[in-house]
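Protein chains in written order, with this note's numbering: chain P, 331 to 926; chain U, 1292 to 1544.
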Amino acid sequence: MEHFEADVLIIGAGGAGLRAAIAAAEADPSLTIALVSKVLPMRSHTVAAEGGAAGVIQAHDSLDAHFNDTVTGGDWLCEQDVVEFFVSRCTPEMIQLEHWGCPWSRKPDGHINVRAFGGMKIERTWFAADRSGFHILHTLFQTSTKYPSIKRFDEYFCVDLVVDDGRVQGATVLSPSTGEFTAIFARAVILATGGAGRVFRQNTNGGIVTGDGMALAFRHGVALRDMEFMQYHPTCMPGTGLLFTEACRGEGGTLLNKDGYRYLQDYGLGPVSPEPRNKAMELGPRDRLSQAFWHEERKGRTVTTPGGEVVYLDLRHLGRAKLKERLPLICDLAQEFMDIDPAVSPIPVRPAVHYTMGGIPTDIHTATPLAGLFAAGECSSVGIHGANRLGSNSLAELFVFGHVAGDEAVKFAKGAPAAEPGKLLDQAKASAAKAMALRDQKGGGERHSVLRKEMAATMEKGCGIYRIGSEMQETCDKLAELKRRFRDVTLEDRSAVWNTDWLAALELGYQLDVAEAMAQSALERRESRGAHQRLDGFETRDDAHFLAHSLAHYTEGAAPKISYGPVKITKSQPGQRAYGAAGEKIENAKEDSANA
Amino acid sequence: MPDAALAEKTIELKILRYRPASDAEPAFGSFTVPYTDDMSVLQGLQTIKDTLDGTLSFRWSCRMAVCGSCGMMINGTPRLACNTFLRNLLPGPVTIEPLNNFPIERDLVVSVGDFVKKIESIYPYIIPREPKTIEEGPYLQTPAQLAAYESFSDCINCMLCYAACPQFGENPDFIGPGAMALLQRYNGDSRDGGRLKRIDAISGDNGVWSCTAVGICSDVCPKNVDPANAVNQNKTNSAFDFFLRFLRKEDAQ
Chain P
331 MEHFEADVLI IGAGGAGLRA AIAAAEADPS LTIALVSKVL PMRSHTVAAE GGAAGVIQAH
391 DSLDAHFNDT VTGGDWLCEQ DVVEFFVSRC TPEMIQLEHW GCPWSRKPDG HINVRAFGGM
451 KIERTWFAAD RSGFHILHTL FQTSTKYPSI KRFDEYFCVD LVVDDGRVQG ATVLSPSTGE
511 FTAIFARAVI LATGGAGRVF RQNTNGGIVT GDGMALAFRH GVALRDMEFM QYHPTCMPGT
571 GLLFTEACRG EGGTLLNKDG YRYLQDYGLG PVSPEPRNKA MELGPRDRLS QAFWHEERKG
631 RTVTTPGGEV VYLDLRHLGR AKLKERLPLI CDLAQEFMDI DPAVSPIPVR PAVHYTMGGI
691 PTDIHTATPL AGLFAAGECS SVGIHGANRL GSNSLAELFV FGHVAGDEAV KFAKGAPAAE
751 PGKLLDQAKA SAAKAMALRD QKGGGERHSV LRKEMAATME KGCGIYRIGS EMQETCDKLA
811 ELKRRFRDVT LEDRSAVWNT DWLAALELGY QLDVAEAMAQ SALERRESRG AHQRLDGFET
871 RDDAHFLAHS LAHYTEGAAP KISYGPVKIT KSQPGQRAYG AAGEKIENAK EDSANA
Chain U
1292 MPDAALAEKT IELKILRYRP ASDAEPAFGS FTVPYTDDMS VLQGLQTIKD TLDGTLSFRW
1352 SCRMAVCGSC GMMINGTPRL ACNTFLRNLL PGPVTIEPLN NFPIERDLVV SVGDFVKKIE
1412 SIYPYIIPRE PKTIEEGPYL QTPAQLAAYE SFSDCINCML CYAACPQFGE NPDFIGPGAM
1472 ALLQRYNGDS RDGGRLKRID AISGDNGVWS CTAVGICSDV CPKNVDPANA VNQNKTNSAF
1532 DFFLRFLRKE DAQ
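What follows is the structure, given as structure tokens:
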């Protein structure tokens, strides 16, 4: 087996991985950075982010306000010291991207423009029309080509980590183009592999979003944190689940039920006002909006379509010129996929799974509990999103913590002995042999495409917007069954070159492990908080027992074991989470007492 | 994804297959696929892979025409499979082949390495006109200055323009429309001062003057990037920069 020796290995080349690579290359140009991605970097799912990235820039805004919005939005399950650091680093990272050429949208005088976003008190979302993630990703990728110490492994699929002497020392990767394996050894490894939304049926995610890095760390004993918190984005295309950005509402779009009524006013988000108000109505947080949809559906006030029940996203009043300037991608999606002109007709939408709030736990320095292993971006749980992420915080997270991960991995690498390939190659060969065995096994005739469909269906049923203990238990049981059947998978394709049958099976293995962590964590959280809402006697938040991070521990041949860890509270004591007029009342009272 | 099993209508997809271990050369395979009116060509391919033939290989990811993975020849034209709909290709059969002008690795998967090298060769990053620290804040850039390069920054690297370009078909070393658009994206950015450094990429034997101005690159672009316009602007700039450099040499002497 071929091997490559690096100082820092980064797995995943989306926003977080590329930012980490650049940071590492700048921190010490003499180090070799290996950057592995299972797709060309510009195909990474960061590309599909639409609305923008948060960073305080207006004079009447403050870091405290961004902090409070984030912690409240996360229903107090956030690491507050990490959030405080995060909000302080967002704007410098946005400026850095600007210097690297990101085509941020501008005001007429040439200054950066910002837009309103859900759950954010003041406009602080930097945007590049509605292709923010696309422009950021291409900017980062293109900028990364400037650094000769970044050695890219484009289209290499990671099958395992190399762990020896209590620390991570590399990874075993497969080139689909040849079917050959390579061992990449390094003194520090960063996982930046993105989320796991594809374990659900209707989702906004690209096909590559299969939780690979989460499963890799999980299998090596790193407990996954807060995995029960999956974000349903309220405005997605029925059927495909494709995303209509929250920026639609940030720009003034409204949500209507089948009677043309702005139903959000019935769910603690009103009252309706002539002009959009931040943190009210359509600018409420995603968990509350998706939950309101669920209730509307139960009340029979949604519309039935072949892609499921829908409500309407109305952008008509924005006018064609503004739509073209601010939301061109949304217009193209509606037109091309649905034959709808948003300037003329409202767009049918429904919630779909969008974002994995939990992930690989890290400290404020992005270090995981496993020595030498760092994590950044959606695969990680650094602690800023809590039980519900605010829109535009996740793009900002990629750069803030991608940067930290690059710096910290370099620091760690410099203090760690170099990997000894002679000693580690056997482990890499064993990982490769295991992956080969899945390709070549006789199996029992199970098709992975069938298992994947059953997994997605059971996740949607048991771990949806509202959850019931018995249904979550059924999902856990079903996942255990699917894992048993996965052992009997028989591939149709046993060839070497571009065997995507094989890659999809390897991904399904990752997905099943991650799905189990989600379902088991959900089952055992006997309260309702943020995106985890129960209907079976645990309808309220229970801070006495569950102001705690869940930790799902991988258990060979059995369901993950769940434990709990403390939440870091610094300056925001858990309180009532309210939006609309009720939220304003609480904020005003706080300000009054602060001024008294 | 729509449940293809519930569909009553079917359509024939004729796909160019090539598996290097077993096939001497590419040959068409035919599949009859159930479809619904909202199904894309990509969903047709996924239906084949999931239910009819797991050995069919193709790249895909975002499903929404922004990641650039699923470019292929559909009825002879380079298209993204995800935003090309079966309902618009009736009654079929639909012919699906790998992108023209690229080596086939397997089935609909072509080699992308050379394309990526071309992108890397044109210094695709800001070479600051006036360097600034983070503390000094963002550069000012008016909407008009943004508009000068914005459309060229919309390229998703899907390579459809290369599959359409007759010049690239004849000369694989030709820098090509996509990289030209990217070059113009940076040359046209008010923050950038790297134009002279990029001269060689566009003025050399395989650069901008190789283009024979067919313009089909812009016709097939799914994002209205208009690479043909980028090539034209580069021709003007290339001529201008050539003389500029000549004058500077004179100065130096």
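For glycine and all other residues, C-beta sits at the position ideal for the given N, C-alpha and C. Keep in mind that this is a model prediction, so the values were computed, not measured.
Since residue i sits in a beta bridge, which residues does DSSP pair it with?
i, result
"Pro678/P", "Tyr642/P"
"Tyr796/P", "Gln863/P"
"Met1363/U", "Arg1370/U"
"Cys566/P", "Leu573/P and Arg680/P"
"Glu510/P", "Ser505/P"
Have a look at residue i and residue j and give me their C-alpha separation to the nearest angstrom.
i, j, result
"Arg777/P", "Val539/P", "20 angstroms"
"Gly342/P", "Thr523/P", "5 angstroms"
"Lys476/P", "Asp494/P", "33 angstroms"
"Ala1454/U", "His647/P", "41 angstroms"
"Glu1299/U", "Thr1368/U", "28 angstroms"
"Ser923/P", "Ile916/P", "11 angstroms"
"Asp617/P", "Tyr593/P", "15 angstroms"
"Arg531/P", "Met789/P", "8 angstroms"
"Asp1493/U", "Asn1525/U", "It should be noted that the sequence gives Ile, not Asp, for residue 1493/U. If I take the Cα positions, the gap works out to 7 angstroms."
"Leu1333/U", "Gly1320/U", "17 angstroms"
"Glu335/P", "Lys741/P", "17 angstroms"
"Gly500/P", "Ser825/P", "26 angstroms"
"Pro433/P", "Lys1408/U", "23 angstroms"
"Thr692/P", "Pro1325/U", "47 angstroms"
"Gly649/P", "Asn1374/U", "25 angstroms"
"His396/P", "Met450/P", "7 angstroms"
"Ser374/P", "Gly913/P", "37 angstroms"
"Arg871/P", "Asp405/P", "9 angstroms"
"Thr1503/U", "Cys1446/U", "21 angstroms"
"Met560/P", "Lys1305/U", "40 angstroms"
Give the residues of chain U in contact with residue i, contact being defined as C-beta atoms less than 7 angstroms apart.
i, result
"Met372/P", "Gly1359 and Asn1448"
"Arg436/P", "Gln1432, Thr1433, Pro1434 and Leu1437"
"Ile425/P", "Ile1425, Gly1428 and Pro1429"
"Thr565/P", "By Cβ distance, chain U contributes nothing, its closest Cβ being about 14 angstroms from Thr565/P, past 7 angstroms."
"Ile442/P", "Pro1429"
"Ser507/P", "Glu1396"
So, are the CB atoms of residue i and residue j less than 8 angstroms apart?
i, j, result
"Gln1458/U", "Ser1501/U", "yes"
"Ala518/P", "Ala353/P", "no"
"Tyr1309/U", "Arg1370/U", "no"
"Gln410/P", "Ile452/P", "no"
"Thr686/P", "Ala526/P", "yes"
"Gly590/P", "Glu612/P", "no"
"Cys1456/U", "Pro1513/U", "no"
"Ala908/P", "Leu755/P", "no"
"Ala845/P", "Leu881/P", "no"
"Ile321/P", "Gly543/P", "Because residue 321/P is not part of the residues shown, which for chain P are 331 to 926, the question remains open."
"Ser710/P", "Ala383/P", "no"
"Leu521/P", "Phe511/P", "no"
"Arg497/P", "Gly702/P", "yes"
"Phe464/P", "Gly381/P", "no"
"Pro1419/U", "Arg1482/U", "yes"
Using a C-beta to C-beta distance shorter than 9 angstroms, which residues of chain P count as neighbours of residue i?
i, result
"Cys1353/U", "Arg373, His375, Val377, Ala378, Asn535, Gly536, Gly537, Ile538 and Leu572"
"Val1516/U", "Per Cβ cutoff of 9 angstroms: no residues; Val1516/U is ~12 angstroms from chain P at best."
Going along chain U, which residues have a C-beta under 8 angstroms from residue i?
i, result
"Trp406/P", "Within 8 angstroms Cβ-Cβ: nothing; Trp406/P doesn't reach chain U, min ~32 angstroms."
"Leu821/P", "Gly1345"
Give the interface partners of residue i over in chain B, defined as CB-CB distance under 8 angstroms, in chain order.
i, result
"His429/P", "In the structure shown, chain B cannot be found, because the protein chains are P and U."
Please compile the residues from chain U whose C-beta is within a distance smaller than 9 angstroms of the C-beta of residue i.
i, result
"Asp484/P", "Val1403, Gly1404 and Val1407"
"Ser462/P", "Simply none; closest approach about 11 angstroms."
Who are the neighbours of residue i on chain P, taking C-beta pairs under 8 angstroms?
i, result
"Ala1315/U", "Correct list: empty, because the minimum Cβ distance to chain P is about 15 angstroms."
"Arg1370/U", "Under the 8 angstroms cutoff, chain P gives no residues; its nearest Cβ is about 12 angstroms from Arg1370/U."
So, under 8 angstroms CB-CB, residue i and residue j are touching, yes? Tell me the CB distance rounded to an integer number of Å.
i, j, result
"Phe483/P", "Pro506/P", "Between Pro506/P and Phe483/P the Cβ distance is about 12 angstroms, and since that is not below 8 angstroms, they are no contact."
"Ala458/P", "Ser474/P", "Their Cβ separation, rounded to whole angstroms, is 18 angstroms, which puts Ala458/P and Ser474/P out of contact at 8 angstroms."
"Glu581/P", "Lys652/P", "7 angstroms"
Below 7 angstroms on C-beta distance, what does residue i contact in chain P?
i, result
"Arg1310/U", "Ser825"
"Ser1348/U", "Trp828 and Thr830"
"Arg1397/U", "Val827 and Trp828"
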